[in-house]
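Novice:
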Amino acid sequence: MSALKDRIRARITAEGPLSVAQYMSICLGDPKDGYYTTREPFGADGDFITAPEISQMFGELIGAACLSAWDALGCPTRFELVELGPGRGTLMADFLRVAALRPAFIQAARLNLVETSPRLRRIQADTLHGASLEPAFRDRFQDVPAGPLILVANEFFDALPIHQFLRTEDGWRERRIGLTAQGDLTFGIGTAALPATAVPASLGSAPEGAILETQPAANAVVEEIGARIAGHGGVALFIDYGYLKTATGDTLQALYRHDRDDVLAHPGEADLTAHVNFEALAAAAARGGATALPPLTQGDFLLRSGLLERAGALGAGKPHDEQEAIRDAVERLAAPDRMGDLFKVLAVTNSGLPITPFDSAP
Ligand code: SAH
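Just so you know, the sequence shown maps onto residues 0 to 361 in numbering that gives the first Met the number 0.
Next comes the structure, spelled out in structure tokens:
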């Protein structure tokens with residue numbers, strides 16, 4: 000039994016059942032025993048491998064897209080370059096290698112890394128040691144200074160807490176986590192109802208037992224970013240796995256040592272994520288006053304950005320096994336049955352700004 004599980008049980012005994020959002024925040028962010036505080040989740044030895052850890056090409060192509068976004072913004076001579084949840088700092092290191100080809104971009108940029116975990120901040124600082132920009136660490140997006148914005152976030156929103164509502168005979172009720180008579184963690188339902196306005200008309204007839212997820216934490220961050228972009232100009236690229244239209248379904252999942260796990264089994268030891276609702280993110284950006292361009296799948300984004308050309312250049316003259324590894328990375332990142340279709344890229348911008356490689360009509 001983990002220390003965190005004991006503390007969660009004690010808290011439920013004292014205060015009553017937890018919402019799914021409370022449970023996720025504790026499991027991932029507890030300052031002593033939370034997953035991101037204590038674990039090394041990334042890379043071959045961790046629980047999952049993210050796109051920047053698969054290949055340098057991912058961060059390079061994001062960097063190239065941001066260079067052209069800077070052009071579209073009119074090459075502001077001061078702007079805030081921001082990454083939310085940089086993990087090991089790999090994406091930004093690859094990004095900055097490409098950006099260094101445009102010295103004026105580097106001169107204009109101030110680098111802000113929004114990261115809560117002190118352990119990951121140290122790793123990010125190490126990874127970026129000697130890079131063309133030195134990072135300033137921020138606890139929250141709100142702490143980033145005002146000004147034009149170029150922001151990226153890869154697999155950030157999937158780690159933010161979601162709420163789940165269960166369709167019952169008296170409407171949608173919040174799903175909560177309580178204790179069985181034996182003291183084990185178990186799902187139940189609470190009395191909190193989902194406001195009828197939060198349910199799209201298409202889901203009004205969802206059957207009993209259906210689950211609807213909401214992501215107020217992710218939406219709040221995107222609304223802030225949208226307001227910043229509307230006020231000062233800018234571009235944000237959000238890359239995550241998720242769905243394009245609000246729909247029912249239980250997407251909360253746990254990964255424990257590379258395998259799917261019961262979400263209640265290893266609090267603090269397993270990674271917990273939920274799929275991101277991109278329709279809700281786009282609506283939040285619009286509430287902030289910005290425009291969300293029609294999202295692309297990760298596969299389309301990377302192919303339109305020149306993934307195959309970059310792979311060819313990277314592999315030219317290399318030994319056969321290195322070329323094979325590059326080909327394998329292309330597959331993993333872009334093939335529809337790998338990350339290519341499940342992952343989406345959403346671009347948010349101030350109105351009318353065309354952003355390569357997105358279609359401009361929202
Ligand atoms: N972008 C990285 C890592 C994704 S994991 C990659 O693609 O490899 C999620 C990252 O977000 C971690 O760095 C985690 O510590 C950070 N994080 C999670 N919740 C956060 C929050 N509320 N505020 C800031 N950072 C957070």
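By construction, the Cβ of each residue, glycine as well, lies at the ideal position given by its N, Cα and C atoms.
Runs of 4 residues minimum, wholly inside the stretch 251-317: which ones carry the alpha helix (DSSP H) assignment?
Specialist: Runs of the alpha helix (DSSP H) inside the stretch 251-317: 277-286, 297-303, 306-314.
Novice: How far does the alpha helix (DSSP H) with Val221 in it extend, from its first residue to its last?
Specialist: Here residue 221 refers to the residue found at position 222 of the sequence shown. Per DSSP, Val221 belongs to the alpha helix (DSSP H) from 215-231.
Novice: For Thr126, count neighbouring Cβ atoms within 10 angstroms of its own Cβ and tell me buried if that reaches 16, exposed if not.
Specialist: The sequence position of residue 126 within the sequence shown is 127, counting from 1. Per the 10 Å Cβ criterion, buried.
Novice: In terms of residues, what are the limits of the alpha helix (DSSP H) holding Gly84?
Specialist: The residue labelled residue 84 in the question sits at position 85 within the sequence shown. Element bounds for Gly84: n/a, residue is neither H nor E.
Novice: Helix, strand or coil, according to DSSP, for Phe104 in the structure here?
Specialist: Residue 104 sits at position 105 when you count from the first residue of the sequence shown. Here Phe104 sits in helix by DSSP.
Novice: With the cut-off set at 7 Å, would you say Ser131 and Leu95 are in Cβ contact?
Specialist: On the sequence shown, residue 131 is found 132 positions in, with the first residue counted as 1. On the sequence shown, residue 95 is found 96 positions in, with the first residue counted as 1. Yes, these two residues count as a Cβ contact at 7 Å.
Novice: Shorter than 6 Å, the distance from the beta carbon of Val113 to the closest heavy atom of the ligand SAH, or not?
Specialist: Along the sequence shown, one-based indexing puts residue 113 at 114. The answer is yes for Val113.
Novice: With distances taken Cα to Cα, identify the nearest neighbour of His231 among Ile7, Gly88, Ala99, Arg77.
Specialist: Position 232 of the sequence shown, counting from 1, holds the residue named residue 231. Nearest of Ile7, Gly88, Ala99, Arg77 to His231, Cα basis: Arg77.
Novice: From the DSSP output, in three-state form, read off Phe57 for me.
Specialist: On the sequence shown, residue 57 is found 58 positions in, with the first residue counted as 1. If DSSP states are grouped into helix, strand and coil, Phe57 belongs with the helices.
Novice: Do Val234 and Gln297 have their C-beta atoms closer together than 7 Å?
Specialist: Looking up residue 234 in the sequence shown gives position 235. Looking up residue 297 in the sequence shown gives position 298. No, the Cβ-Cβ distance between Val234 and Gln297 is not below 7 Å.
Novice: Would you call Ser350 buried or exposed, if buried means 16 or more other Cβ atoms sit within 10 Å of its Cβ?
Specialist: Along the sequence shown, read from residue 1 onward, the residue named residue 350 stands at position 351. Result: exposed.
Novice: Quick one: Cα of Ala269 to Cα of Gly73, how far?
Specialist: On the sequence shown, position 270 is the one that residue 269 refers to. On the sequence shown, position 74 is the one that residue 73 refers to. Spanning the two alpha carbons is a distance of roughly 44 Å.
Novice: Could you tell me the distance, in whole angstroms, from the CA atom of Ala229 to the CA atom of Glu154?
Specialist: By one-based count along the sequence shown, residue 229 stands at place 230. By one-based count along the sequence shown, residue 154 stands at place 155. Using only the alpha carbons, I get a separation of about 24 Å.
Novice: To the nearest angstrom, how far is the alpha carbon of Val262 from that of Gly187?
Specialist: As a position in the sequence shown, residue 262 is number 263, starting the count at 1. As a position in the sequence shown, residue 187 is number 188, starting the count at 1. If you take the alpha carbons of Val262 and Gly187, they lie about 14 Å apart.
Novice: Using the beta-carbon count (16 or more within 10 Å), is Ser201 buried or exposed?
Specialist: The residue labelled residue 201 in the question sits at position 202 within the sequence shown. By the 10 Å Cβ count, Ser201 comes out exposed.
Novice: Report all residues from its chain with a CB closer than 6 Å to the CB of Ala216; omit the five preceding and five following residues, and keep chain order.
Specialist: In the sequence shown, residue 216 corresponds to position 217, counting from 1. Excluding positions up to five away in sequence, the list reads Leu159, Pro160.
Novice: Can the beta-carbon of Ala328 be found less than 7 Å from the beta-carbon of Ser54?
Specialist: If you number the sequence shown from 1, residue 328 lands on position 329. If you number the sequence shown from 1, residue 54 lands on position 55. Yes. Within cutoff.
Novice: Can you say whether Arg286 is buried or exposed, counting buried as having 16 or more other CB atoms within 10 angstroms of its CB?
Specialist: For the purposes of this step, residue 286 is taken as residue 287 along the sequence shown, with counting starting at 1. Classification for Arg286: exposed.
Novice: Taking contact to mean at least 3 C-beta pairs separated by less than 8 Å, is the stretch 47-63 in contact with the stretch 133-142?
Specialist: Taking 8 Å as the limit for Cβ pairs, the verdict is that the stretch 133-142 does not touch the stretch 47-63.
Novice: Give me the DSSP bridge partner(s) of Phe164.
Specialist: Looking up residue 164 in the sequence shown gives position 165. Paired residues: Glu173, Leu211.
Novice: May I ask which residues mark the beginning and end of the alpha helix (DSSP H) holding Ile25?
Specialist: If you number the sequence shown from 1, residue 25 lands on position 26. Its alpha helix (DSSP H) spans residues 19-28.
Novice: Can you tell me the Cα-Cα spacing of Ala310 and Ala324, whole angstroms?
Specialist: Translated into positions along the sequence shown, residue 310 becomes position 311. Translated into positions along the sequence shown, residue 324 becomes position 325. Using only the alpha carbons, I get a separation of about 10 Å.
Novice: Please classify Arg139: is it buried, with 16 or more other beta-carbons within 10 angstroms of its beta-carbon, or exposed?
Specialist: Counting from 1 along the sequence shown, the entry for residue 139 is found at position 140. So Arg139 counts as exposed.
Novice: Mark His319 as exposed unless 16 or more other C-beta atoms lie within 10 angstroms of its C-beta, in which case mark it buried.
Specialist: Residue numbering aside, residue 319 sits at position 320 when the sequence shown is read from its first letter. Exposed: under 16 other Cβ atoms inside 10 Å.
Novice: Excluding sequence positions up to five away, which residues of its chain have a Cβ less than 7 Å from the Cβ of Gln141?
Specialist: Locating residue 141 in the sequence shown gives position 142, where the first residue counts as 1. For Gln141, where only same-chain residues beyond five positions count, the Cβ hits under 7 Å are Glu223.
Novice: Specify the secondary structure class of Thr185 as computed by DSSP and reduced to three states.
Specialist: Taking the first residue of the sequence shown as position 1, residue 185 is located at position 186. Thr185: strand per DSSP, three-state reduction.
Novice: Among Ala315, Arg331, Asn276, Pro194, which residue has its Cα nearest to the Cα of Leu301?
Specialist: Position 302 of the sequence shown, counted from the start, is the residue given in the question as residue 301. Of the listed residues, the one whose Cα sits closest to Leu301 is Arg331.
Novice: Taking 6 Å as the line, does the beta carbon of Thr126 fall inside it for any heavy atom of the ligand SAH?
Specialist: Here residue 126 refers to the residue found at position 127 of the sequence shown. Outside the cutoff, so no.
Novice: Starting from the N-terminal side, write out each stretch of the beta strand (DSSP E) that is 3 residues or longer and does not extend beyond the stretch 112-141.
Specialist: Correct list: 135-137.
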